[in-house]
Amino acid sequence: DHQACEGFPFVVSGSIRVIKASPSGRELPLYRVAPGETCVISSSCLLGHEDYNARGVAESDTEMVMLPKAVFDELLGEPAFRGFVFHLFADRIADLMQLIEEVAFHKLDQRLAALLLGKGRVLHTTHQQLADELGSVREMVSRLLKGFAAQGLVKLGREQVALIDPAGLRRVAGG
Numbered sequence: 026d027h028q029a030c031e032g033f034p035f036v037v038s039g040s041i042r043v044i045k046a047s048p049s050g051r052e053l054p055l056y057r058v059a060p061g062e063t064c065v066i067s068s069s070c071l072l073g074h075e076d077y078n079a080r081g082v083a084e085s086d087t088e089m090v091m092l093p094k095a096v097f098d099e100l101l102g103e104p105a106f107r108g109f110v111f112h113l114f115a116d117r118i119a120d121l122m123q124l125i126e127e128v129a130f131h132k133l134d135q136r137l138a139a140l141l142l143g144k145g146r147v148l149h150t151t152h153q154q155l156a157d158e159l160g161s162v163r164e165m166v167s168r169l170l171k172g173f174a175a176q177g178l179v180k181l182g183r184e185q186v187a188l189i190d191p192a193g194l195r196r197v198a199g200g
């Protein structure tokens, strides 16, 4: 957060999770940058001559290419590159609108159920990692997971969540 934008990063391999942190330290994941993609916030900062207002965290070993600001500015004169940058903006705005809808209109239990369903039958993760993905706190996620376990929807283990009743979780996710 609030660092100068030095260039236009392009992810070659690995992935980066882009997050917004609150002053209290809570984090809200905004989106992921996969191979062949770039961070739209970096583009925005370069275009607006602003500092970063989010943070990127490598989720795995990640290789990137960084275009210096001067090269980025020059390439914006090329229609293909400019189209690529604006296409990224359109995609990310759609992703962020979906995130806003989820946070504003879906309860945390619905969002947690949907997240669990999207990760397979057995998840190797911590309650904190799930909370981070949902932009919540560990205590709330732990309470909901215990409730899901009491309903027979999941089985909890150490750093593991096994889905027992996916149909039941789908009902929760659907509201």
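For the sequence shown, the working numbering assigns the number 26 to the initial residue and increments by one for each residue that follows. For glycine and all other residues, C-beta sits at the position ideal for the given N, C-alpha and C.
With DSSP collapsed to three states, give me the class of residue i.
| i | result |
| --- | --- |
| Leu148 | strand |
| Gln176 | coil |
| Arg183 | coil |
| Glu52 | strand |
| Ala46 | strand |
| Gly81 | strand |
| Ile41 | strand |
Is it buried or exposed for residue i, if we count other Cβ within 10 angstroms and need 16 for buried?
| i | result |
| --- | --- |
| Leu121 | exposed |
| Gly160 | buried |
| Glu126 | exposed |
| Phe130 | exposed |
| Asp21 | As displayed, the chain neither begins before 26 nor continues past 200, which places residue 21 out of reach and without an answer. |
For residue i, which residues of its own chain have a beta-carbon under 6 Å away from its beta-carbon, when the five flanking residues on both sides are left out?
| i | result |
| --- | --- |
| Arg146 | Leu188 |
| Arg57 | Ser40 and Arg42 |
Measure how close the beta-carbons of residue i and residue j come, nearest whole angstrom, since I'm counting them as under 8 Å.
| i | j | result |
| --- | --- | --- |
| Phe33 | Ser67 | 6 Å |
| Pro60 | Ser38 | 5 Å |
| Val65 | Leu100 | Going by Cβ atoms, the distance from Val65 to Leu100 rounds to 16 Å, so no, they are not a contact pair. |
By Cβ distance, which residues of its chain are closer than 7 Å to residue i, with the 5 residues on each side in sequence left out?
| i | result |
| --- | --- |
| Val128 | Gly160 |
| Phe173 | Val179 |
| Gln28 | Asp76 and Tyr77 |
With a CB to CB cut of under 8 Å and the five nearest residues on each side skipped, what residues in its chain are close to residue i?
| i | result |
| --- | --- |
| Lys94 | Cys30, Glu31, Gly32, Phe33 and Leu71 |
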